[in-house]
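A short worksheet on the structure shown next.
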Amino acid sequence: MSQPAESPAAPETAPKPKPAPLSLRKGARLAVVQALYEMEISDKGVIEALAEFEAFWIGQDVDGVVHPPAETAFFRDVLRGAVEEQRAIDPKLDAALAKGWPLRRLEVVLRAILRAGAYELMFRRDVPARAAISEYVDVAHSFYAGDEPGMVNAVLDRVGREVRSTEFGIPAAPKKG
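Okay, structure coming up:
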């Protein structure tokens, strides 16, 4: 006697595993990128974006999309910092991008990801460089399925190697004096 075939419907009826919840910092990074995007397309200021995201987006279900909870203080610092330090951040990103592709030519979400990541690399020494890069590559995967996460990795790696060379095993340049 042959064994009965497995029911084709069985896998569909089995409960699907839920994805692991995001860490509060991952949630903050994702919210920062979304807020930077929103600010750029709507000309909102930092205070307005902070208030809106904290009240209506972070940790909320909006139109069937669940926005993860976030570490509020980290969200505030990275959002404010990415905006306030933009004059220092953008030239670093331009230098790290391929010739002929300045930051202003990139799509808005990519600019937001790169600015937030560069802020952490340049101004948040408490976050290990490789961890910051990896986190923003993960954020890029939330928005893109193509080559964009690899580009985020390459650009942030170049910035990280310049501003935190010792974390990458690169000897610090001798001080000119």
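For this note's numbering, count along the sequence shown from 1 and bump the result up by 40. Ideal placement from N, C-alpha and C gives every residue a C-beta, glycine not left out.
Q. Around the C-beta of I210, are 16 or more other C-beta atoms found within 10 angstroms, so that it is buried, or is it exposed?
A. Taking all protein chains shown into account, I210 has fewer than 16 neighbouring C-beta atoms within 10 Å of its C-beta and is therefore exposed.
Q: Assign P51 to buried or exposed, taking buried as 16 or more other Cβ atoms, counted over all protein chains shown, within 10 Å of its Cβ.
A: At P51, the pLDDT of 43 sits below 50, so the modelled position is not reliable; the number obtained from the coordinates is stated separately. Classification for P51: exposed.
Q: Provide the residue span of the alpha helix (DSSP H) that contains I173, from first to last.
A: Element bounds for I173: A169 to F183.
Q.
Output needed for R164: all residues of its chain with C-beta closer than 8 Å, excluding positions within five of it in sequence on either side, in chain order.
A. Around R164, the same chain offers D117, V118, G121 and A172 as residues with beta carbons nearer than 8 Å, after the five sequence neighbours per side are excluded.
Q. From G67 to E92, what does the alpha carbon distance come to, in whole angstroms?
A. Near 16 Å, if we compare the C-alpha coordinates of E92 and G67.
Q) Can you check whether the CB of V72 is closer than 9 Å to the CB of A128? A) No. Outside cutoff.
Q. In whole angstroms, what is the alpha-carbon distance linking A194 and L150?
A. A194 and L150: Cα-Cα distance of roughly 13 Å.
Q: Return the Cβ separation of L196 and A158 in integer angstroms, given the expectation that the two are a contact with Cβ distance under 8 Å.
A: Indeed, because the Cβ distance is near 7 Å, the residues count as touching under 8 Å.
(Q) So within the region 63–144, which uninterrupted alpha helix (DSSP H) runs reach at least 4 residues, ignoring any that extend past its ends? (A) Runs of the alpha helix (DSSP H) inside the region 63–144: 64–82, 86–92, 112–124 and 126–136.
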